[in-house]
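In the numbering used here, the protein residues as written are 10 to 478.
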C-alpha cells in the first residue's frame, strides 16, 4: 500500500511487516465535534478497517486534548471546572462517533493523564539545550532545530511574516513555542520549574512516543494541523530522540460549507449531532469518503441528496441478496461464471484503489458497480441461493471496510408487515388498487419499502433522512 507523505511530498510504501502504528491527533474537548472532525476521523477509521481486512495488525492511538485555554475559558462561561467541561464533551464525542460507526481506538489517552511523560520530555529538551526557561514558562528554541519548516515547506522568514505565533516578549525568538506555561489558576500541575500546564504541542509528542514508540508508521490529522502543530511536534520529538518522528505524515483536506470556510464567526458550523439527525450515519460516511482524502470537500444539501440516491441502491442490493429464491435451481447458465469473473474484477479494483494512496472515490466506483450489477441481474431474473452465496461475501466485506450499516427489519416488524402484505395482495387481486396503495403508504410510514417482483415482494428498511434544517 502506498500513501502520500506530506513530509517528502511523495507516495511512500506503508511498512506492514509488523503492527501498523497510527497516531491521529484528536479533538480539543471544549465544544461539540463538527463535520470537519468527522471527515478526518472517518478517513482514518476506514483506513484502519481496510488494513485489518487484509489481516494486518493495527495499533491506533487517538488522543483527547483536555487541558487548553479554550477549555478553561469555556468552563468559566459555564461556571464549572475545566475537567468537568472536558469530561462532558468526551462523553459527547463517544456518543457522536459511536453513531457514525467509528471503531474505538486501541487507546484514547487524555493529556491530563500523561503530564509526567510531558515533564520528562521537557527535561530532556532542556538538558540537550533545545529548550529554555523564561518568565512565563519553558520554551522550545526553534533556531536550534535546523530542519524546522521541513513539513510545511516554509522558510523561517515565511513563519515570521504572519503565521500563528505565540506573542510573548519574554521569549528569545518570536517563533519559539511553549512547552510548559506557568500558571497558578486551575488546572495546574507541579513541575521542576514551577506550577503550570503543558503546551499543546508537547502533549502529542509525549503521548505518541509513550503509546507507539519512536518512528511509528503513520501520523495523521487535518491539513490545518501541518503548521504549527505537526511542525512543532517534529521539532520536539526529533530533538529528543535524534530519529525521524513518523514514517508517513497523512493529512486530510478541509470541509467547506456551500463553498465557504466553516467557522463559528460565519455561523455555518455543522455539529455531528446536527448532520446525523438530518442525514444519518451512512450518508455522512459516504459523503466524507466521496472525495480524495487529501482534497477539500464541500458540504451541501445537493451533494447529500445525490448520496441518498446511491445509498438507496445499496439498500436495494442488500434486500435482493438477502432474499434469494429458496427453491431456485442451480443453473450454471443463469448463475453465470462470467458474472462471477466480474465480481472478482470488482473486488480487485476496490482493493487496488485503496492500496493506491487510499483512493476512496475509485473504490466507490468499484463498490457501486457491484451494486448496479446485482440490481440489474435481479431485475431480469430471480437470484438463487447459490448466486447470493457467492456475491454476499464481497458485498459485505466492502460494506464493513467502508463502515456502512444497513438497517435490519426486526422479527416483530416483519410479522406485522407480512400481515399487511397479505391484505395488500388481496386488494390487488380484487383490483382495488387504491386500497392496496394505502397499505403500501402505511408500510412506508414504518420506514419499510416494498420491492415487487413477479413472484414475490421484498422488504427493505430505509433510514429516514434528507433535509438540511
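All residues carry an ideal CB built from backbone N, CA and C; glycine is no exception.
Predicted model, so just to flag it, every value in this text is computed and none were measured.
What's the gap between the Cα of residue i and the Cα of residue j?
i: residue 16; j: residue 139; result: 22 Å
i: residue 293; j: residue 454; result: 23 Å
i: residue 486; j: residue 59; result: Past the boundaries of the shown model lies residue 486; the chain is included only from 10 to 478, so the question cannot be answered.
i: residue 429; j: residue 440; result: 16 Å
i: residue 227; j: residue 418; result: 40 Å
i: residue 394; j: residue 408; result: 20 Å
i: residue 54; j: residue 272; result: 25 Å
i: residue 269; j: residue 50; result: 21 Å
i: residue 420; j: residue 474; result: 23 Å
i: residue 115; j: residue 225; result: 15 Å
i: residue 380; j: residue 374; result: 10 Å
i: residue 113; j: residue 448; result: 42 Å
i: residue 52; j: residue 124; result: 29 Å
i: residue 144; j: residue 188; result: 13 Å
i: residue 142; j: residue 30; result: 34 Å
i: residue 486; j: residue 309; result: Only positions 10 to 478 of the chain appear in the structure, and residue 486 is not among them; the question remains open.
i: residue 164; j: residue 186; result: 17 Å
i: residue 339; j: residue 424; result: Unreliable placement is indicated for residue 339, whose pLDDT of 48 sits below 50; no coordinate value is reported for it.
i: residue 235; j: residue 38; result: 20 Å
i: residue 278; j: residue 34; result: 20 Å
i: residue 333; j: residue 347; result: 20 Å
i: residue 463; j: residue 328; result: 16 Å
i: residue 196; j: residue 102; result: 22 Å
i: residue 156; j: residue 387; result: 60 Å
i: residue 147; j: residue 135; result: 9 Å
Report the three-state DSSP secondary structure of residue i (helix, strand or coil).
i: residue 342; result: For residue 342, the predicted structure reports a pLDDT of 46, less than 50, and the residue's modelled location is therefore unreliable. The matter cannot be settled from this model.
i: residue 280; result: strand
i: residue 52; result: helix
i: residue 308; result: strand
i: residue 301; result: coil
i: residue 463; result: coil
i: residue 207; result: strand
i: residue 45; result: helix
i: residue 248; result: helix
i: residue 132; result: helix
i: residue 474; result: coil
i: residue 288; result: helix
i: residue 83; result: helix
i: residue 30; result: strand
i: residue 156; result: coil
i: residue 4; result: Only positions 10 to 478 of the chain appear in the structure, and residue 4 is not among them; the question remains open.
i: residue 220; result: helix
i: residue 112; result: coil
i: residue 23; result: coil
i: residue 393; result: strand
i: residue 70; result: strand
i: residue 255; result: strand
i: residue 418; result: coil
i: residue 190; result: strand
Near residue i, which residues of its chain fall below 6 Å by C-beta distance, leaving aside the five closest residues on each side in sequence?
i: residue 217; result: 32
i: residue 378; result: 355
i: residue 280; result: 41, 43
i: residue 239; result: 160
i: residue 316; result: 292, 295, 296
i: residue 192; result: 205, 206
i: residue 21; result: 14, 257
i: residue 401; result: 330
i: residue 110; result: 290, 412, 414
i: residue 126; result: 215, 219
Excluding the 5 residues preceding and the 5 following residue i in the sequence, name in chain order all residues of the same chain whose CB lies nearer than 7 Å to its CB.
i: residue 324; result: 415, 469, 471
i: residue 223; result: 250, 252
i: residue 284; result: 44, 293
i: residue 410; result: 55, 58, 59, 62
Just to check my reading of the structure: residue i and residue j have Cβ atoms closer than 8 Å, yes? What is that Cβ distance to the nearest angstrom?
i: residue 231; j: residue 45; result: 7 Å
i: residue 349; j: residue 384; result: At roughly 17 Å, the Cβ-Cβ gap does not stay under 8 Å, so residue 349 and residue 384 are not in contact.
i: residue 392; j: residue 330; result: 7 Å
i: residue 302; j: residue 276; result: About 27 Å separates the two Cβ atoms, so there is no contact after all.
i: residue 365; j: residue 137; result: Rounded, the Cβ-Cβ distance is 40 Å, inconsistent with contact.
i: residue 28; j: residue 66; result: 4 Å
i: residue 477; j: residue 360; result: Not confirmed; about 34 Å, so no contact.
i: residue 7; j: residue 72; result: Beyond the ends of the chain as shown, which are 10 and 478, falls residue 7; an answer cannot be given.
Can you list, in chain order, the residues of its chain with a C-beta nearer than 8 Å to that of residue i? Leave out the 5 residues immediately preceding and following it.
i: residue 265; result: 271, 305, 306, 307, 308
i: residue 299; result: 306, 312, 316, 369, 370, 373
i: residue 233; result: 263
Using 7 Å as the cut-off, classify the Cβ of residue i as near or not near the heavy atoms of the ligand PLP, replying yes or no.
i: residue 81; result: The ligand PLP is absent from the structure shown, which contains no ligands of any kind.
Inset, instruction - Could you tell me whether the region 243-260 touches the region 146-164, using the rule of 3 or more Cβ pairs below 8 Å? - result: Contact between the region 243-260 and the region 146-164 is present, because at least three Cβ pairs lie under 8 Å.
Inset, instruction - Please confirm if the region 245-264 is in contact with the region 61-76, defined as three or more CB-CB distances below 8 Å between the two stretches. - result: A contact between stretches requires three or more CB pairs, one per stretch, nearer than 8 Å, and the region 245-264 fails this requirement with the region 61-76.
Legend entry - Cβ contact check for the region 281-298 and the region 439-447: 3 or more pairs under 8 Å: Not touching, per the Cβ criterion.
Inset, instruction - Report yes or no: do the region 201-218 and the region 125-138 share at least 3 C-beta pairs separated by less than 8 Å? - result: Three or more Cβ pairs drawn from the region 201-218 and the region 125-138 lie within less than 8 Å of each other, which places the two stretches in contact.
Inset, instruction - Taking 8 Å as the threshold, find out whether the region 56-72 comes into contact with the region 88-98 through three or more Cβ pairs. - result: Verdict: no, contact absent.
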